[in-house]
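Here's the structure we're looking at; comments come further down.
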Amino acid sequence: MLFSRKRAVIWLAALGIAAVGCSQNKVAQCNQLIEVANQAVTDVQAITENASPDDPAAFLRIADTAEQARTNLEAIELTDEQLQTYQESFIAIYTSTSESTRNLVEAVNAQDNQAAQQAYDALQQAVSEEPELVTEVNNYCSSGAFGN
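The sequence shown begins at 955 in our numbering and counts up one residue at a time.
Given below as structure tokens:
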């Protein structure tokens, strides 16, 4: 009987360690996702602080930053399904941000006001989705409500 209890305690301890390890893995995945998003924001802020609003090179650097964020996100291997969904959403936002920004620069250079307005609207739509997504990720990652 003592052997069975001892074995049960060992198994419970092993399961507990596995569960904690799994949670830490999920926390690490959250941190990876959040780190890329935060870096993108930091990089864009640095660009916009030092550029004039009519500087096309600054807009192109913002597009490059969005593309780099997308590439960095694509490189992260996530096992949590909800985090994968968030990852896909960030990738879509950064892809749209990059494309819209480049389209805006092209339209302004071509003095095509209609195309510039369309690109601007698309850019506004893309960046307006990010704050809500960031809130969702932060809530999910801080709640500990992780899937397997």
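For every residue, glycine included, the Cβ atom is placed at its ideal position computed from N, Cα and C.
For residue j and residue i, the rounded distance between their alpha carbons
i: D1066; j: T1033; result: 45 Å
i: P1007; j: I1001; result: 11 Å
i: E1086; j: V998; result: 18 Å
i: T996; j: A1020; result: 11 Å
i: C984; j: A1005; result: 32 Å
i: A994; j: E1053; result: 16 Å
i: A991; j: Q1036; result: 16 Å
i: D1009; j: L987; result: 30 Å
i: N1063; j: N979; result: 47 Å
i: F1013; j: V1059; result: 7 Å
i: N1057; j: V1081; result: 15 Å
i: S1050; j: I1030; result: 19 Å
Terminal residues of the alpha helix (DSSP H) in which residue i lies
i: A1064; result: From DSSP, A1064 is part of no alpha helix (DSSP H); its letter is neither H nor E.
Query raised in the report: Which runs of the beta strand (DSSP E) spanning at least 3 residues fall entirely within the region 1023 to 1061, listed in chain order?
Result: none
Requested in this report: Assess, as a yes-or-no matter, whether the region 1087 to 1095 is touched by the region 1067 to 1077 under the definition of 3 or more beta carbon pairs within less than 8 Å.
Outcome: no
Requested in this report: Please determine if the region 1021 to 1028 and the region 1072 to 1087 are in contact, where contact requires at least 3 C-beta pairs separated by less than 8 Å.
Outcome: no
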